[in-house]
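Each remark here refers to the structure printed beneath this line.
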Amino acid sequence: MKWDQPEDIAEVLADNHPGLNPLDVRFTDLRQWVIDLDEFDDDPAGSNEAKLEAIQMAWNELYEENEESGEDDSE
């Protein structure tokens, strides 16, 4: 995965952190979580605020869909 694939990254983050509101995640943490993904194979220095925001917003869409459907994946 690359920085310019926010939807794909968001799906993995949503699976890894079920029930976590992505809007509560600091960009510094988000950046590290992305870099730490096994599927991530881009330059860690290639992130910027716009790319992190795109990931966060894509993840938030998934989060809101889960909340609306009443699904609770948290353990």
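Plus 76 on top of the position in the sequence shown (first one is 1) and you've got this note's numbering. The beta carbon of each residue, even a glycine, is placed where N, CA and C say it ideally should be. Keep in mind it's a predicted model, so treat the numbers as computed, not measured.
Cβ neighbours of residue i in the same chain (closer than 7 Å, five flanking residues each side left out)
i      : result
Tyr139 : Ala90, Asn97, Pro98
Alpha carbon of residue i to alpha carbon of residue j, nearest angstrom
i      : j      : result
Asp80  : Ile111 : 13 Å
Ile131 : Ser123 : 11 Å
Ser150 : Arg102 : Bear in mind that a pLDDT of 49 at Ser150, under 50, signals an unreliable position, so the model cannot answer this.
Trp109 : Pro82  : 13 Å
Pro94  : Ala121 : 27 Å
Leu128 : Thr104 : 9 Å
Asp84  : Glu115 : 10 Å
Val88  : Glu143 : 17 Å
Glu125 : Leu106 : 11 Å
Close-in-space but distant-in-sequence residues of the same chain around residue i (CB under 6 Å, 5 per side omitted)
i      : result
Asp118 : Lys78, Trp79
Environment of residue i [buried if 16+ CB atoms lie within 10 Å]
i      : result
Ala134 : buried
Ala86  : buried
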